[in-house]
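In our numbering, the protein residues as written are 3 to 323. Data block below; observations after.
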């Protein structure tokens, strides 16, 4: 059978030429539009002058050191908040996913062997807790992150709980992202073939052992792209710390703009910094996924046949016998 796709015919020479011409025309049109609609208006307003770009790209500028010192403080605060929120979101999200899976399995149990009142009590309690966790997930997943951060920063002090603004931001990000990660892992575990859980039960593993040793590791591997995408969202959402006056990168960028009055230049530099970090995270995810796939293939490779010399020795021994 031909290896070409059955969904469409392979383009011929004429179609390839038309495709090439269309691509060139589109590229020229895009470049012309970028020049006349973006570059030319900005250039007419002096947005490419060294007066505006100098504090960011010219080391000899008197404001260069001060600007980059402030940006470094903001970027360090951004990375610190992102790292803490990522770790806490993964931990809480994993525990919540396991809890939901266990509660769901408990709701199906009949608790045979126990007294009828106790069995009804346990079943009712498992149903209540399962419904409660589901409601919490839907509520916190439906709230905008900015509201979660605001409620944490304004609500905790009302109960006499005071933290640094860093921890308000981390807690707000954790509340939202942990429920999203929990749903990602839960869907990954529930999407696995049901025979795996049945086989684990047949060899005597408890539901908790089955989840911890069989389902959860596979869910992490299968849902890794979605998890990494969510962790990138955590990093970008640290910029919402401005509503509680946390000095992250964008907040400090606004302070620099208030002094130098160069918003386009500052935001372009900040955007480049975020793009580099997010691109590094995506490459790290691809590397981890390749390593996991390679390990799975290696584990599934059948044992190699004995070398010819061993076969010859076995044949000679059999003949001698």
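Glycine included, each C-beta is placed from N, C-alpha and C at the ideal position. For clarity, every value in this text was computed on a predicted model and none was experimentally measured.
Please state whether DSSP places residue i in a helix, a strand or coil.
i: residue 249; result: coil
i: residue 244; result: helix
i: residue 61; result: coil
i: residue 210; result: helix
i: residue 205; result: coil
i: residue 254; result: helix
i: residue 227; result: helix
i: residue 115; result: coil
i: residue 163; result: coil
i: residue 288; result: helix
i: residue 265; result: helix
Can you name the start and end residues of the alpha helix (DSSP H) that residue i belongs to?
i: residue 191; result: 167-192
i: residue 79; result: 66-110
i: residue 122; result: 118-144
i: residue 12; result: It is not in any alpha helix (DSSP H) - residue 12 carries neither H nor E in the DSSP assignment.
i: residue 218; result: 218-224
i: residue 46; result: 42-46
i: residue 149; result: 147-160
When we look at the beta-carbon of residue i and count the other beta-carbons within 10 Å, is it buried (16 or more) or exposed?
i: residue 31; result: exposed
i: residue 102; result: buried
i: residue 129; result: exposed
i: residue 274; result: exposed
i: residue 22; result: exposed
i: residue 163; result: exposed
i: residue 58; result: buried
i: residue 178; result: buried
i: residue 239; result: buried
i: residue 215; result: exposed
Could you compute how far the alpha carbon of residue i sits from the alpha carbon of residue j?
i: residue 279; j: residue 160; result: 36 Å
i: residue 157; j: residue 235; result: 24 Å
i: residue 229; j: residue 223; result: 10 Å
i: residue 17; j: residue 46; result: 42 Å
i: residue 225; j: residue 183; result: 10 Å
i: residue 92; j: residue 143; result: 15 Å
i: residue 152; j: residue 201; result: 47 Å
i: residue 53; j: residue 63; result: 9 Å
When the cut-off is 9 Å and only beta carbons count, does residue i lie next to chain D?
i: residue 213; result: In the structure shown, chain D cannot be found, because there is only a single protein chain.
Query raised in the report: Counting pairs of beta carbons, one from the region 38-47 and one from the region 234-252, are three or more of them closer than 8 Å?
Result: Fewer than three beta-carbon pairs drawn from the region 38-47 and the region 234-252 are found closer than 8 Å, and the two stretches are therefore not classed as touching.
Query raised in the report: If we count Cβ pairs, one from each stretch, closer than 8 Å, do we get three or more for the region 201-212 versus the region 119-127?
Result: Touching, no, given that fewer than three Cβ pairs across the two stretches are closer than 8 Å.
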